[in-house]
Amino acid sequence: MEKIYLTHPPDINHDDTKEKVIALGYFDGVHIGHQRVIKAGVEMAREKGLQAAVMTFHPHPSMVLKQLRKRDNYLTPPDAKAEVIADLGVDLIYFVTFNETFSRLSPQEFVDEYLIKLHAKHVVAGFDYTYGRMAKGNMENIGEYSRKMFSYSVISRVDMDGEKISTTKIRELISDGAVDRAARYLGRPYEMKGVVVHGDKRGRTIGFPTANIQCDAPYVYPANGIYTVQMKANGRWYNGLCSIGIRPTFYDDNQPVTIEVYLLDFNGDLYGEEVTVSWGKKLRDEEKFDNVEDLVAQMENDKVKAICYFSQEDGL
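According to the numbering used here, the sequence shown is numbered sequentially starting from 8.
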């Protein structure tokens with residue numbers, strides 16, 4: 008899948024004359040609802056013999072517009088988002104820089120500069136997609152701005168458990184530690200990518216050596232606690248336990264949050280390796296223990312629960 012980065016005014020490659028179906032959306036998380044939009048675009052492109060494209064934006068509009076709540080972390084930072092979207096069969100993804108200049112475009116200017124000039128012949132978006140200054144453009148009035156240069160289709164709301172599947176809902180679930188429920192909305196386990204870095208190496212002295220993960224992008228972190236996880240390293244997946252938190256048994260409350268993974272079936276050195284952590288299920292909250300012995304006893308219990316969890320998963 009090709010990646011193209013655009014900043015207003017867009018520097019359009021005039022050699023690119025391929026007609027396209029463009030799926031529009033911010034698509035953070037690329038959840039089941041987003042996937043329906045993108046898959047509809049891919050199917051339409053294949054039917055018409057056109058290029059299947061996605062147009063997304065970065066950073067989140069809240070970082071530019073005067074909103075009280077800034078969204079500076081992501082379920083899928085740009086590279087992770089592109090990776091998931093590529094797996095859906097998309098040929099090309101546009102990353103449009105969302106800045107103040109872009110935010111001031113009228114709906115007609117957005118359509119002219121970012122759809123018609125890019126040779127869109129069909130546009131797909133969710134029912135609640137908006138564009139243009141003050142969100143005046145939407146999928147109900149897009150026909151008024153199309154200049155009859157493209158057709159369009161609107162994907163209706165997708166619900167689960169009686170409520171709309173949304174990035175906001177998934178962020179809340181993950182922040183609350185409900186990573187297993189979030190996986191249902193995402194259509195896959197929640198993942199974070201990072202690099203194994205040196206820690207204080209305390210784990211190896213108590214029989215639980217851990218890989219300390221430094222994330223390579225600003226992800227939404229699960230609530231502090233102990234989780235079952237799988238970690239991909241050197242092209243292979245390993246089962247494990249993850250402790251995310253401030254390690255209160257050893258430190259005070261002013262410590263940064265760390266991510267430490269103990270692998271059940273691995274012995275070796277992973278320092279400097281790029282890894283993917285796939286979150287399974289929260290086992291318990293982070294706790295402060297009176298001594299190391301109590302901590303180790305609890306970790307042994309966590310290990311037994313994790314082994315049981317993975318044995319059940321393998322049996323499904």
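Even glycine gets a Cβ: it sits at the ideal position worked out from N, Cα and C.
Practice prompt. From the DSSP output, in three-state form, read off Asn246 for me.
Written response: When secondary structure is reduced to three states using DSSP, Asn246 falls in the strand class.
Worksheet item: Where do the ends of the beta strand (DSSP E) carrying Met51 lie?
Response: Per DSSP, Met51 belongs to no beta strand (DSSP E); it is in the alpha helix (DSSP H), Ile39 to Lys55.
Discussion item. Here's the rule I'm using: 16 or more other beta-carbon atoms within 10 Å means buried, otherwise exposed. How should His15 be labelled?
Written reply: Using a 10 angstroms sphere on the CB of His15, the tally of other CB atoms reaches 16 or more, which defines it as buried.
Worksheet item: By the 10 Å Cβ neighbour count, where 16 or more other Cβ atoms means buried, how is Val44 classified, buried or exposed?
Response: Buried, because 16 or more other Cβ atoms sit within 10 Å of the Cβ of Val44.
Item to complete: Locate the alpha helix (DSSP H) running through Gly150, then write down its first and last residues.
Response: First-last of the alpha helix (DSSP H) with Gly150: Ile149 to Tyr152.
Worksheet item: Per DSSP, what kind of secondary structure is Arg164 in: helix, strand or coil?
Response: Coil, per DSSP.
Fill in: Classification of Cys315 by the beta-carbon crowding that lies within 10 angstroms, buried from 16 upward
Per the 10 Å Cβ criterion, exposed.
Fill in: Per-residue burial, Val264 [other beta carbons within 10 Å of its own, 16 or more giving buried]
With fewer than 16 other Cβ atoms within 10 Å, it is exposed.
Fill in: Assigned exposure category for Asp297 - 16 Cβ within 10 Å defines buried
The residue in question, Asp297, is exposed, as its Cβ has fewer than 16 Cβ neighbours within 10 Å.
Worksheet item: How do the segment 149-164 and the segment 122-134 stand: do at least 3 beta-carbon pairs fall below 8 Å, yes or no?
Response: Yes, they touch.
Practice prompt. Evaluate contact between the segment 227-235 and the segment 247-262, counting only Cβ atoms and requiring at least three cross-stretch pairs below 8 Å.
Written response: A contact exists between the segment 227-235 and the segment 247-262.
Worksheet item: Hey, quick one: how far does the beta strand (DSSP E) through Arg291 stretch, first residue to last?
Response: Going by DSSP, Arg291 is part of the beta strand (DSSP E) stretching over Glu281 to Asp292.
Fill in: Simplified DSSP state of Gln262, which is helix, strand or coil
Reduced to three states, the DSSP call for Gln262 is coil.
Worksheet item: Start and end of the alpha helix (DSSP H) containing Ala142?
Response: For Ala142, there is no enclosing alpha helix (DSSP H), as DSSP marks it with neither H nor E.
Fill in: Simplified DSSP assignment, three categories, for Ser158
Ser158 falls in the strand class under three-state DSSP.
Worksheet item: Which whole-angstrom value is the C-beta distance of Gly287 and Val186, which I expect to be below 8 Å?
Response: Between Val186 and Gly287 the Cβ distance is about 7 Å, and since that is below 8 Å, they are a contact.
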